[in-house]
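Numbering (the UniProt record's numbering), first residue to last: 1 to 497.
Before any comments, here is the structure.
The structure is reproduced here in structure tokens:
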């Protein structure tokens, strides 16, 4: 049944007089009753008027007199616009008019967004329920950029002073205070429409290759602290992994943001040092073992698995590489990669799985020249064989071929472990120097290259023997026992070639 013009005008008059119920009535006329485009324009114009600069000035004056008075009508209007504006962009001709109207009113809307953020969301003395509603309205309105038909608004919005800082600070707030989580906990009738990681992912995809893009400007939003940006991104991923059920779209955005932001070295190292690699491997196990999924979930799970592989492959060699390679092997990456195989049918392009092939075919064999890594690979390989996972793989698939290459390379080096076991190591503490078989020594967990006969010797060498400096500059020096083992690896490889 068509929406009557008189009904729309009556609701608009009620909105202008301050009726909160009128916000819901007008919103439903667009979303449920499918009003005409002309009526849609009347409704959006009425909401824009609620968010004009004159009303903002009056709101500030009222707040100065009585801080218990909140701009509820404006928060609801902002949220309703986030819900209904996409409806006006369904047709190409109407989309332009819708974008033009929004851009005309954008300056006053931005003023409202900045005011709500600074005077309500950021102030702990304000009722937390209203702070949450204000925060969600801000995020949802900015989330309009996720609609392809509304992309013309993006440059103007994000060139506006303060908007990107507002968005990134809300992204940080979501993991600092559980009240502001982007998840809907069912306690608030204003469930989130858009998620902050998704908006940020869309923003960086649009702007990263533009002339004005600057990684330094991005880090500056976090007080020039790449580690703080890293901790925010990783906290979002860990939070979303813990949700039941998982929101796979959010997981995908989280990993993609981590991968992209890691182009900045300070962010990359911040993520690595805070445990991003084991976290992503753990996620892969959770995803690969998912069952009883809704029909639309498997492609999303597969995309998340592919993104996880890309992140690991892109940054596992960060710094000297040994630390992160060791972490992912201990976390079970060899097995996790095998568990990906049943999901690959949902993402059949081989290019999406290039990281998996490189990890098995290049990265693991390359780092197996280090005895500690070879030992870890040997143990993981043995466990995988005992579980019968290779026999469960289909023949001649991308995974089975990659595993076969890795299996052959590893088996060719396994005899070196037995041979190397007869070599004596020296306690690296210069005041000790005891010589014993390798198996009787304790390994430094930092550099993975130096051995001690006791914890006491390790502590003394760290404080007085120079190991602290060595541990931080591992690429410049190798312990005698590692060099000896490297010779055992290199000579056979040279002979084969």
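C-beta: ideal position from N, C-alpha, C; glycine also.
Remember, it's a predicted structure, so these values are computed and weren't measured experimentally.
Less than 8 angstroms separating the beta-carbons of residue i and residue j?
i	j	result
residue 59	residue 16	no
residue 219	residue 234	no
residue 427	residue 452	yes
residue 163	residue 110	yes
residue 277	residue 331	yes
residue 207	residue 158	yes
residue 333	residue 281	yes
residue 141	residue 82	yes
residue 139	residue 116	no
residue 166	residue 200	no
residue 51	residue 78	yes
residue 406	residue 367	no
residue 156	residue 106	yes
residue 417	residue 391	no
residue 313	residue 279	no
residue 248	residue 304	yes
residue 26	residue 112	no
residue 53	residue 108	yes
residue 269	residue 319	yes
Would you report the Cα separation of residue i and residue j, rounded to the nearest angstrom?
i	j	result
residue 353	residue 246	23 angstroms
residue 29	residue 8	8 angstroms
residue 236	residue 35	39 angstroms
residue 399	residue 253	25 angstroms
residue 497	residue 322	With a pLDDT of 47 at residue 497, under the threshold of 50, the modelled position of this residue cannot be trusted; read the value that follows with caution. In a straight line, the C-alpha of residue 497 is about 25 angstroms away from that of residue 322.
residue 460	residue 430	9 angstroms
residue 275	residue 161	34 angstroms
residue 40	residue 327	55 angstroms
residue 215	residue 225	12 angstroms
residue 49	residue 72	15 angstroms
residue 316	residue 403	19 angstroms
residue 382	residue 441	23 angstroms
residue 242	residue 196	17 angstroms
residue 10	residue 33	16 angstroms
residue 198	residue 67	33 angstroms
residue 22	residue 123	28 angstroms
residue 152	residue 264	28 angstroms
Quick one: using the 10 Å Cβ neighbour count with 16 as the cut-off for buried, is residue i buried or exposed?
i	result
residue 98	buried
residue 284	buried
residue 209	exposed
residue 135	buried
residue 93	exposed
residue 464	exposed
residue 20	exposed
residue 38	exposed
residue 205	exposed
residue 449	buried
residue 182	buried
residue 306	buried
residue 240	buried
residue 341	buried
residue 377	buried
residue 143	buried
residue 455	exposed
residue 371	buried
residue 411	exposed
residue 468	exposed
Can you name the start and end residues of the beta strand (DSSP E) that residue i belongs to?
i	result
residue 238	Premise fails: residue 238 lies in the alpha helix (DSSP H), 226-241, not in any beta strand (DSSP E).
residue 435	435-437
For the alpha helix (DSSP H) holding residue i, just list the boundary residues, first then last.
i	result
residue 155	154-158
residue 299	297-315
residue 107	92-116
residue 469	467-472
residue 246	Careful: residue 246 lies outside any alpha helix (DSSP H) and carries neither H nor E.
residue 203	196-207
residue 129	128-142
residue 277	276-288
residue 169	163-176
residue 502	The requested residue 502 does not occur in the structure, where the chain is confined to residues 1 to 497.
residue 326	322-331
residue 53	53-65
residue 380	371-386
residue 180	Careful: residue 180 lies outside any alpha helix (DSSP H) and carries neither H nor E.
residue 270	265-273
So residue i and residue j are supposed to be a Cβ contact under 8 angstroms. How far apart are they, rounded?
i	j	result
residue 255	residue 297	Not confirmed; about 16 angstroms, so no contact.
residue 232	residue 289	No, residue 232 and residue 289 are not in contact; Cβ-Cβ is about 28 angstroms, not under 8 angstroms.
residue 444	residue 458	7 angstroms
residue 203	residue 145	7 angstroms
residue 75	residue 133	5 angstroms
residue 95	residue 149	5 angstroms
residue 355	residue 310	5 angstroms
residue 380	residue 329	6 angstroms
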